[in-house]
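The structure appears below as structure tokens.
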Amino acid sequence: MADSCLQFLDGNYGLVAGAEKQASERWNLKDWGVDYNIVAVCGQPGSGKSTLANALFGTQFPVLGTGGEQSTTKGIWISTAAKAKILAMDAEIATKIPNKSYWNCWPQLTTFTAATSSVLVFNVQKSIVEDPFDLSFPFILGWIYKTYLVMLGQRHKTMILFTIRDCRDEVSKESLTNTLNERIRNAWANAKKPEDLKNRTVDDFFDYDVVMLPSKIESPNEFGAAVDKLRGRFVDRHNPDYLFKPNYWKAVSVDRIVPHLASIKCAIDNHWSVLGYEKFAFGENAPTINAKQKYAAEKRCCLFEGQYKDHVDGFYDMAIHHAYNEFMEAIKPTQKKIDAKGMEDEYLEQLLKCQRNAMAMFNTIVEHHQSDIYEEKRVELRSKCTEKITSMVREQMAWSSSGLVMQLVVDLTLQRQENTIQERVQQEVERRMKEAKLIAAQTKTKLDEQAAEISHLKSEIAENDGEINEHMARIDALEAANGEKRNTISALKATNDEKDTTISVLKAEKSGKDGNLSILEKTSNEKDDVISTLTTANSMLATANSEKDGIIAMLKAANEEKDEVISALNAANRLLEATNSEKDEAISTLKATSGKNCETISILEAANSEKGAIIVALETEAEAQDELAAAWKWDISKLRAVIDRQDTAIDKLSSMIRRQETVISEQ
């Protein structure tokens, strides 16, 4: 395969001189048609990408030198695979910065790789995946996401196959996959996305799988076996884990693949000012208005104007090829039954079902690539399937009226089936057209609003410009006036300097006189301070004497009030004692009279107990009053509060005595 291996893009993203001519001559692709795929091996710098690509596809990409640490891969190398219709790329999308632990990305090479490859084999060491502090791995993943979304949008999916190098037997694939999945999600969350795709998930655009590979140096046999197993997923279409799916396909018919690749490279170059600055947030120089207009005119939903048509034509041909091959595989069991038993209605129905499945598969593949060639390509696929079914029917039936009827039935059945499909397709097209018109109307409304806002902003800018010009004119006038003022100030400063000299002489003469005056003023000030101090002291003494007399008068009045309260309390106590004697006699009389009055006696005893408690409270209150007498000398308000509480207690006692008298009267 050495003759087919060539460098297509150099390390500076330049198209290698003569690469197109060499590719056309050395790849020998003339019989591939659309039945081929493109795979790119990329990832961690110096991780053995070229070695893995050579082992998988039988290519001869340059590998590491015997003593070198830097990868020999520069730019993008492309080769045909051995014994398979595969174009394999060895892509340098990242490089390790000398004397640094992190990687740098080649944005243009990454964009080219994402826009052309059905499968990306991302080669990386296990230690890099497991290191949560290593930011290079998610950084490169983020670049792949950004370039893919801008170049392809929602038109394709891509398989990212992570080949994790130097894994030992004890490594858990589930644990490694969980770690990798978390890093994939984080990289997607941090990647810059177009506005209309911001809420989509990574699974909407990418499928991914993990393959663990042992060390090629420590376990060469195990490494070889793992690579052989992985190769089957690329070359064996019947492998349940076959990697290439129709919706991954991003190429064109093979007779146009070389100019197509060169055209993509040129388109990325031509629009890099917009792609890098606006779409990828890369670079410091904003694109010009002409560059933006050119980008808007040539950008399509997938790729650019120069590549989109060829890609869509090839994509539809690939969809027909894939669906028809699946149809041919599906009818093989039925064909064997027909060969053994002849044509029967049951077998015809099975053939028609296989055709319906093929048409449905075609619709699924081209679902996101609606084009004006859709109907034409559907008819082409239907005709191929119908021709095959018709030929099988004719081979099994002689020329007779019954055979003719059967053929007519086949034709009519196929026609009815196609009409039904056509109606469904037409309804779907109409539905999508209505949705597109609605979206277009909404977009136009938003654009009109934005245009009105822009006009308003422009008018405000014009007004602001006028105001700025007026302010500038005023500033110029002020600066001229300030110049004149500065000249005047300079003259005044010169005059002031002369005056300052005269003032200095006068100050020197005055300083002697000021010394004598200051001594006299100091003596006078001291005398005034002494007089002021004596006056203040006399005033304070007079105020203190007045306050003392007031306090003495208040204390005398408080003592008189206290004596009156104590006399009243003593009288109340004597009255209570007399009342107690009467109540005790009444209680004795009631006890002697009848045992039926026990309840009344209990009530009276309870009342008597309450009375005793009140007497105790009064005695306690009297003692408290004696103690408070000293406090009254300092706080008259507290004495009044105590007197209020005594009044309340007397009211309660009077009320209780009245209740007791009422109970005695009732008894």
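Per UniProt numbering, the sequence shown starts with residue 1, numbered consecutively. All C-beta atoms in this analysis are idealised placements derived from N, C-alpha and C, irrespective of residue type, glycine included. Model, not experiment: these values are computed from the prediction.
The C-alpha of L6 lies about 48 Å from the C-alpha of R431.
Membership of D204 in any beta strand (DSSP E) is not indicated, and neither H nor E is assigned to it by DSSP. Nearest Cα to Q22 within the set K279, W77, P62 and P45: W77. A residue is called buried once 16 or more other Cβ atoms fall within 10 Å of its Cβ, and I439, having fewer, is exposed. Boundaries of the beta strand (DSSP E) around V39: N37 to G43. In the three-state reduction of the DSSP assignment, R165 falls in the strand class, which pools E and B.
The region 258 to 278 makes contact with the region 303 to 319: 3 or more CB pairs, one atom from each, lie closer than 8 Å. Of all alpha-carbon atoms in G153, V119 and D166, the one lying nearest the alpha-carbon of L197 is that of G153.
The region 337 to 346 and the region 282 to 297 do not touch, with fewer than three beta-carbon pairs separated by less than 8 Å.
Counting only the Cα atoms, E470 lies some 49 Å from S504. One Cα belongs to T288, the other to Q442, and the distance between them is close to 28 Å. Beta-bridge analysis with DSSP links F57 to no other residue. DSSP places T111 inside the alpha helix (DSSP H), whose first and last residues are P107 to T116. Between Y324 and K377 the beta-carbon gap is near 11 Å, outside 8 Å, which marks them as no contact.
With at least 16 other beta carbons inside 10 angstroms of its own, I320 counts as buried.
When C-alpha distances from S136 are compared across N186, R168 and I160, the shortest belongs to N186. Per DSSP, the continuous alpha helix (DSSP H) segment holding T177 begins and ends at K173 to N190.
Here E92 is buried: its Cβ has 16 or more other Cβ atoms, across all protein chains shown, within 10 Å. Using a 10 angstroms sphere on the CB of N496, the tally of other CB atoms stays under 16, which defines it as exposed. Looking from the CA of P214, the closest CA among A225, D207 and Y208 belongs to A225. Of the residues assessed, K250 falls on the buried side of the cut-off, its CB having 16 or more other CB atoms within 10 angstroms. By the 16-neighbour rule on beta-carbons within 10 angstroms, H260 is buried. Closest option to V202, judged by alpha-carbon separation, among R183, T386, E577 and D236: R183. By the neighbour-count definition (other C-beta atoms within 10 Å, threshold 16), K493 is an exposed residue.
Taken through DSSP and simplified to helix, strand or coil, W249 comes out as coil.
Within 10 angstroms of the beta-carbon of Y148 lie 16 or more other beta-carbons, which makes it buried. Of E367, L381 and A40, the smallest CA-CA separation from F162 is found for A40. For V254, the CB contacts under 8 Å within the same chain, skipping 5 residues up- and downstream, are L29, K30, W32, G33, V34 and Y36 in chain order. According to DSSP, residue pairing for F223 in a beta bridge does not occur. Bounds of the alpha helix (DSSP H) holding S127 are K126 to E130. If you draw a straight line from the Cα of K245 to the Cα of G11, it comes to about 31 Å. In this model, F206 and Y13 are separated by some 26 Å (Cα to Cα). As DSSP reads the structure, D90 sits in a beta bridge with V41 and W77. For Q370, no beta strand (DSSP E) run applies, since DSSP gives it neither H nor E.
Under the DSSP definition of a beta bridge, F122 partners with C42 and F162. When secondary structure is reduced to three states using DSSP, V16 falls in the coil class, being assigned neither helix nor strand.
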